[in-house]
Structure formats: structure tokens, C-alpha cells
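J.:
In C-alpha cells, the structure reads:
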């Protein structure tokens, strides 16, 4: 089944009331995504513990200058928010602070000293970073097979089983026939066939030991030439030919 993407998992972990019923239902049935979600939740719980900032020192203006440069922030927020009025980063040109930018005085608490802001910022940073690492390390999901044709299988005389069949193509171009019945009614054993429209030619795909099975379709075989799916009741007599007794039959359509 498709897994939840990193952004979806991060939102579910960060916000307990995030409106994503499908995502939470997926976590109930997918152990792999549930494990990733649990790891992210532990991260969120960890950063929700307010830090002891009493012993922390205010970083110099060069720290904000580096952050501003690395993130490519606008000039309007070039001024160090932890500096007093008029203090500029070391490499910033001297200029008046824009009128629409709040300047933090030395008596006000720094952003990292305000508990609510610290929690939200730390959780967001950890989840974004963790989600990126998780996404890069998680194995890529293999391409899903493409369905080429399908058929409804109906019972023939003296049988009541029914089911379905479909032909799917893998990424490498190989094809397989997937057959599913609601019961196994064979008195001997079940054999799966592809048959020409006039019933004059047929190809055996193999024995189906239960009520379902997957069988390789020979390379080069044209489904238009063999569109009939047939499950026969074969006696254990060593004869490889069709017994002429079919349990179900149906025609493939695209």
C-alpha cells in the first residue's frame, strides 16, 4: 500500500487535532508508517519541555547575520532581533531600522526565552529536518503494476464458483494473470488456461492450489489472440491436456 509522505506524517505528529482522518486510519494498518509517526511524536514531546535558559548567553550579531545570509531573508529583517536599538550585524551596512520592524530592547526576553515560541520553532525545525532525513533514507517505493485487462469469471454447468481475473504489467514489461475465486470446487485440481475465442488453441499457465493465484503470461503472447480465462477441473491422471471440464470462464477486456 502507498505510505504517508514525510509532510503528512510531520503534520500528524506536530498537531494532535490535525484534520486528516485518512492519514490516521492509515497509521492503524501500516506498521512502518506507525513506527515513523511514533519517532516523530517522541521528538515533539521532547521539545515541548521548556528549556532552562537561565545560563544561556545572548549570541553576537554575527550569528543572526549568518542565519540571514544562509536563508536569503529580506533586507527588512536584516537587523539582529536580539540586539539593542541601533545595533547592526557586523557585515550589515549602517542604516535606520525600517519603521515596520519591531526592535527588541535589552530588557525584553529573547525569542528563545519565550516558552511558547521556543516550542513551536524547535518542533518545526526538528520535524522538517527529521522528515527530510527520513525521506532520504526510506527505501523508494517500487512502481505499481499497470492493469492491462480484466474479466469476470462465471461458473459453468454443475459448478457455482465465481470470481475475477486481471492481467497486470510490471515496470520491467513482464505480465501476470491474477485469478481469484470465491471457492475451490475442483474434484481433482484446478488448472488455469488462456484460450482462443474459437476454443481451438489454448495455453496452460499453471496449477492453482487454492482459491487464488498469480501466473506469468508468456512473453510475446497476444491477449487478443487468447482472451478467454478458463479454470478447469483436472483429474490426477498425468494427462497434460485440458480435461474439457471447466469450473469458471470469462473473457478479458481492457
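Residue numbers (the working numbering): 28 to 281. Quick reminder that beta carbons are idealized off the backbone N, C-alpha and C, glycines included. It should be emphasised that the depicted structure is a prediction, and the values quoted were computed from it without experimental measurement.
Determine the closest residue to residue 209 out of 258, 232, 47, with distance taken between C-alpha atoms.
T.: 258
J.: Cα separation between residue 109 and residue 90?
T.: 10 angstroms
J.: Report, in whole angstroms, the separation of the C-beta atoms of residue 275 and residue 215, which I expect to be a contact under 8 angstroms.
T.: Contact doesn't hold; Cβ gap of about 15 angstroms is too wide.
J.: Near residue 47, what residues of its chain come up, given a Cβ to Cβ distance below 8 angstroms and the 5 sequence neighbours on each side ignored?
T.: 35, 38, 39
J.: My understanding is that residue 281 touches residue 175, with C-beta atoms under 8 angstroms, so please give their C-beta distance in whole angstroms.
T.: 6 angstroms
J.: What would DSSP say about residue 58, mapped onto helix, strand or coil?
T.: helix
J.: According to DSSP, residue 196 sits in a beta bridge with which residue or residues?
T.: 173, 202
J.: If contacts are defined as beta-carbon pairs under 8 angstroms, then residue 254 and residue 226 qualify, I think. What distance do you get, rounded to the angstrom?
T.: No, residue 254 and residue 226 are not in contact; Cβ-Cβ is about 12 angstroms, not under 8 angstroms.
J.: Going by C-alpha to C-alpha distance, which of 204, 177, 181, 69 sits closest to residue 220?
T.: 204
J.: Between which residues of its own chain and residue 217 is the CB-CB distance below 6 angstroms, once the five residues before and five after are set aside?
T.: 235, 258
J.: From residue 59 to residue 53, what does the alpha carbon distance come to, in whole angstroms?
T.: 10 angstroms
J.: If I'm right that residue 260 touches residue 272 with Cβ under 8 angstroms, what's the distance once you round it to whole angstroms?
T.: 5 angstroms
J.: Between the alpha carbons of residue 237 and residue 244, how many angstroms are there, rounded?
T.: 19 angstroms
J.: Can you check whether the CB of residue 256 is closer than 8 angstroms to the CB of residue 198?
T.: no
J.: Roughly how many whole angstroms lie between the Cα atoms of residue 242 and residue 233?
T.: 7 angstroms
J.: Which residues does DSSP pair with residue 216 in a beta bridge?
T.: 261
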